[in-house]
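Some notes on the structure that comes next.
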Ligand code: MN
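Residue numbers (my numbering): 7 to 498.
In structure tokens form, the structure reads like this:
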């Protein structure tokens with residue numbers, strides 16, 4: 007287990023003294039609170055929050071998120087109250103820990119017994135909590151990752167359920183958010199527990215099939231580096247093995263024919279600029295013939311989760327067919343960390359508006375907030391076959407509810423068919439009463455317009471103090487109906 011000092015030293019950029027202080031206090035508080043509690047492994051429970059915090063530091067999250075990682079289980083497992091937490095660590099940390107606890111466990115449908123309705127409710131709840139602050143998901147995913155890494159200590163009858171939940175809910179969620187590294191590891195760990203025979207088979211077969219290739223890899227790397235250097239491109243080159251589960255899926259799709267898998271290890275060329283990406287691609291193609299139909303330009307056409315890179319497969323040096331991925335540093339970071347990259351501490355720190363205060367209260371610039379919620383829901387993007395979870399989410403959840411935004415980026419959850427008047431009453435009864443018009447995405451629209459998912463709605467207030475009777479013809483929420491009836495039928 008890392009000491010507090012060791013945790014603090016992991017930070018890539020220096021910390022201010024109040025930030026160090028916050029983390030140190032959270033560290034000590036959590037150790038105290040968990041006391042003698044033990045994990046299944048027999049280790050002190052405190053090992054777990056520390057490991058969670060470490061994963062969050064690797065995602066380059068800020069001191070508040072790290073503190074929340076350290077404290078994420080003290081409310082549920084050590085009986086600390088949220089109010090006490092706020093007194094000790096401020097509102098920002100409280101909101102994060104509260105979010106993580108409120109979200110609770112995302113259980114699979116069949117585990118719930120009471121069926122579909124509760125599952126949808128659970129998802130809806132999850133969505134509302136995380137829509138307020140994306141950083142809650144990062145803590146949640148870090149928590150799950152450490153639990154998966156230590157799953158071997160958990161009693162066997164529980165392992166399968168936890169692994170299944172990870173495979174079906176957490177990994178797709180990480181994928182949707184573009185957090186490629188985390189998704190890959192979650193899938194591999196789940197795969198190991200869910201399909202032990204297949205895992206063992208795959209390990210054995212890939213050793214047999216790829217040994218030759220792996221031996222040649224350093225020489226291939228060298229040859230590639232040479233031609234790039236000659237072209238005066240500044241680059242870094244890494245070899246990255248494909249994740250097990252993703253390899254397994256690919257092999258299965260190819261009738262277990264390993265000879266058709268060209269990206270068991272992909273070479274990653276990381277360059278400075280987008281221009282250099284295309285430059286490098288040109289140089290590589292000039293030296294080694296590309297395989298037809300395997301050149302993909304995810305720079306001009308990014309994947310739905312934001313992934314960008316150029317992919318090509320070449321008849322490479324030493325007669326080896328090899329996949330090469332070319333990207334800039336920023337694209338690389340996006341590919342590994344996805345949405346978390348937008349919440350990077352260093353970026354938040356250096357952005358002009360940031361202050362200690364906004365840091366404490368959770369920095370969510372409205373635009374970014376709206377964009378990320380849209381990303382989560384995957385509007386106007388196609389959803390792949392393997393995105394079953396979010397497909398379900400979209401289908402079940404969004405057939406009944408819509409999510410719209412205030413101009414400040416707050417999410418308002420309404421039933422399908424809701425109008426700007428319903429929206430206004432959902433904000434506050436006085437806002438509803440005074441509603442004289444509304445704008446959607448900046449344009450004036452009739453008050454009876456049915457709202458759609460993802461719209462930004464602005465209420466235009468006039469001198470009116472009382473709702474109009476005609477509104478009853480189109481409002482759908484109970485709050486709006488009740489309030490309007492009461493006021494228009496009241497004797498004045
Ligand atoms: Mn935990």
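Backbone N, C-alpha and C fix where the C-beta goes; we use that ideal spot for every residue, glycine too.
Once you ignore the five residues that flank residue i on each side, which residues in its own chain have a CB closer than 8 Å to its CB?
i: residue 407; result: 130, 419, 420, 421 and 422
i: residue 388; result: Interpretation of residue 388 is limited by its pLDDT of 37, a score under 50 that renders its predicted location unreliable; no figure is taken from the coordinates.
i: residue 304; result: 313, 314, 315, 316 and 317
i: residue 429; result: 410, 418, 420, 444, 457, 463 and 465
My assumption, with CB atoms under 8 Å, is that residue i sits in contact with residue j. Please give the rounded CB distance.
i: residue 249; j: residue 145; result: In fact, because the Cβ distance is near 23 Å, the residues do not count as touching under 8 Å.
i: residue 482; j: residue 411; result: At roughly 19 Å, the Cβ-Cβ gap does not stay under 8 Å, so residue 482 and residue 411 are not in contact.
i: residue 177; j: residue 187; result: The pair is not a contact, with the Cβ atoms about 12 Å apart (cut-off 8 Å).
i: residue 231; j: residue 243; result: 6 Å
i: residue 33; j: residue 10; result: 4 Å
i: residue 326; j: residue 222; result: 6 Å
i: residue 241; j: residue 289; result: Between residue 289 and residue 241 the Cβ distance is about 10 Å, and since that is not below 8 Å, they are no contact.
i: residue 444; j: residue 433; result: Residue 444 to residue 433, Cβ: 12 Å. No contact.
i: residue 438; j: residue 496; result: Not confirmed; about 15 Å, so no contact.
i: residue 196; j: residue 169; result: 4 Å
i: residue 333; j: residue 341; result: 7 Å
i: residue 343; j: residue 65; result: 6 Å
i: residue 106; j: residue 142; result: 6 Å
i: residue 470; j: residue 435; result: Contact doesn't hold; Cβ gap of about 14 Å is too wide.
i: residue 5; j: residue 84; result: Nothing in the structure corresponds to residue 5, since the chain is present only between 7 and 498.
For residue i, collect the residues of the same chain with a Cβ closer than 7 Å to its Cβ; drop the 5 residues on either side in sequence, then sort them by chain order.
i: residue 391; result: Because the pLDDT of residue 391 is 40, which lies under 50, any placement of that residue in the model is unreliable, and the question is left without a value.
i: residue 181; result: 189 and 311
i: residue 256; result: 267
i: residue 26; result: 14
i: residue 165; result: 157 and 199
i: residue 458; result: 408
i: residue 36; result: 52, 55, 76, 77 and 80
i: residue 535; result: The question about residue 535 has no answer, for the chain in this structure spans 7 to 498.
i: residue 335; result: 276
Any beta-carbon of chain B closer than 8 Å to the one on residue i?
i: residue 491; result: Going by chain labels, chain B is absent from the structure shown, which holds only one protein chain.
Looking at residue i and the ligand MN, is the gap between the Cβ and the nearest heavy atom below 7 Å?
i: residue 40; result: no
i: residue 263; result: no
i: residue 338; result: no
i: residue 54; result: yes
i: residue 79; result: yes
i: residue 149; result: yes
Here's a check: name, in chain order, each residue in its chain whose Cβ is nearer than 6 Å to the Cβ of residue i, leaving out the five neighbours to either side.
i: residue 468; result: 442
i: residue 300; result: 319
i: residue 362; result: Bear in mind that a pLDDT of 43 at residue 362, under 50, signals an unreliable position, so the number given afterwards is only what the model happens to contain. So the list is empty, once near-sequence residues are dropped.
i: residue 479; result: none
i: residue 43; result: 51
i: residue 161; result: none
i: residue 357; result: Residue confidence is low: residue 357 scores 47 on pLDDT, short of 50, so the model does not pin down where it sits. Its coordinate-derived value is still stated next. Hits under 6 Å: none found.
i: residue 364; result: Note that residue 364 scores 41 on pLDDT, short of 50, meaning its location in the model is unreliable and no value can be drawn from it.
i: residue 74; result: 99, 102, 103 and 145
Identify every residue that forms a DSSP beta bridge with residue i.
i: residue 329; result: 272 and 319
i: residue 247; result: 271
i: residue 334; result: 277
i: residue 451; result: 444
i: residue 470; result: Answer by DSSP bridge pairing: none, since residue 470 is not bridged.
i: residue 464; result: 445
i: residue 13; result: In DSSP, residue 13 forms no bridge with anything.
i: residue 418; result: 410
i: residue 242; result: 276
i: residue 50; result: 44
i: residue 18; result: Answer by DSSP bridge pairing: none, since residue 18 is not bridged.
i: residue 303; result: 316
i: residue 296; result: 320
Confirm the yes/no value for this check: CB of residue i, any heavy atom of the ligand ATP, distance under 7 Å.
i: residue 263; result: This structure simply doesn't include the ligand ATP; it includes the ligand MN instead.
Length at least 4, wholly inside the region 171 to 229: the alpha helix (DSSP H) runs in chain order: Runs of the alpha helix (DSSP H) spanning 4 or more residues and lying entirely within the region 171 to 229 occur at 177 to 182 and 186 to 200, in chain order.
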